[in-house]
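K.L.:
Just add 71 to the spot in the sequence shown (first one is 1) and you have full-length UniProt numbering.
Note that beta-carbon positions come from the ideal geometry of N, C-alpha and C, so glycine has one too.
The structure follows.
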Amino acid sequence: AIPIHGVPGTSKERTFIAVKPDGVQRGLISDIIARFERRGYKLVGLKLLVPSKALANEHYADLSKKPFFAGLVDYMTNGKAPVIGMVWEGPAVIKQGRVMLGATDPTAAGPGTIRGDYCLTIGRNICHGSDSAESAEKEIGLWFGGKGEIVNWTANNDEWVVSDN
Ligand code: GDP
Ligand code: MG
């Protein structure tokens, strides 16, 4: 059985992608899911939740000393809108997920990326994606630690989407 966080460097690589509360509030859930789905990545985890402060603190632990940290945690957890948490699987999905999101600061995000197409400022950049295999493992475990929350499944068109050579 493969671990819930997948196997980096293979077609079973997995990443954690989230639609943040501003993305949910602005009606962008379906667009963000569609981009990953149409490309051929496989959805193996999906939930709607208002994260606890503990979850947001842990998720963004590496930023805890930053001046914007309290505001960032409040934005994610205040319940004005929920977060969509997802796990997507496929070749190079960690790196390509970040490319699809675009630069952290939307003023530097290119057209065709999610942030470059839909948002303007770093404090409201509508989406999250794991930045490395280590982050993906940590974040998938944090957001999808419960039994049965990740689903291993075979798509009927897998052989038409991923070839091993
Ligand atoms: P990401 O991995 O591209 O999301 O970027 P980081 O891990 O560097 O930062 C995490 C999140 O913190 C970003 O997506 C923003 O929501 C927020 N953030 C980062 N830098 C700033 C900043 O300078 N100001 C504000 N208000 N938020 C920031
Ligand atoms: Mg980050």
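For a quick check, are the C-beta atoms of E210 and F87 less than 9 Å apart?
P.N.:
yes
K.L.:
How do the segment 175-192 and the segment 122-140 stand: do at least 3 beta-carbon pairs fall below 8 Å, yes or no?
P.N.:
Fewer than three Cβ pairs drawn from the segment 175-192 and the segment 122-140 lie within less than 8 Å of each other, which leaves the two stretches out of contact.
K.L.:
Please determine whether the Cβ atom of Y131 lies at a distance below 8 Å from any heavy atom of the ligand GDP.
P.N.:
Yes.
K.L.:
Just to confirm before moving on: does the CB-CB distance between E84 and G200 stay below 9 Å?
P.N.:
Against a cut-off of 9 Å, the Cβ pair of G200 and E84 comes out as no contact.
K.L.:
Are there 16 or more other CB atoms within 10 angstroms of the CB of D93, so buried, or fewer, so exposed?
P.N.:
buried
K.L.:
Given that a residue counts as buried once 16 or more other Cβ atoms are within 10 Å of its Cβ, and exposed if not, what is K124?
P.N.:
exposed
K.L.:
Mapping the DSSP letters down to three states, classify R85 as helix, strand or coil.
P.N.:
strand
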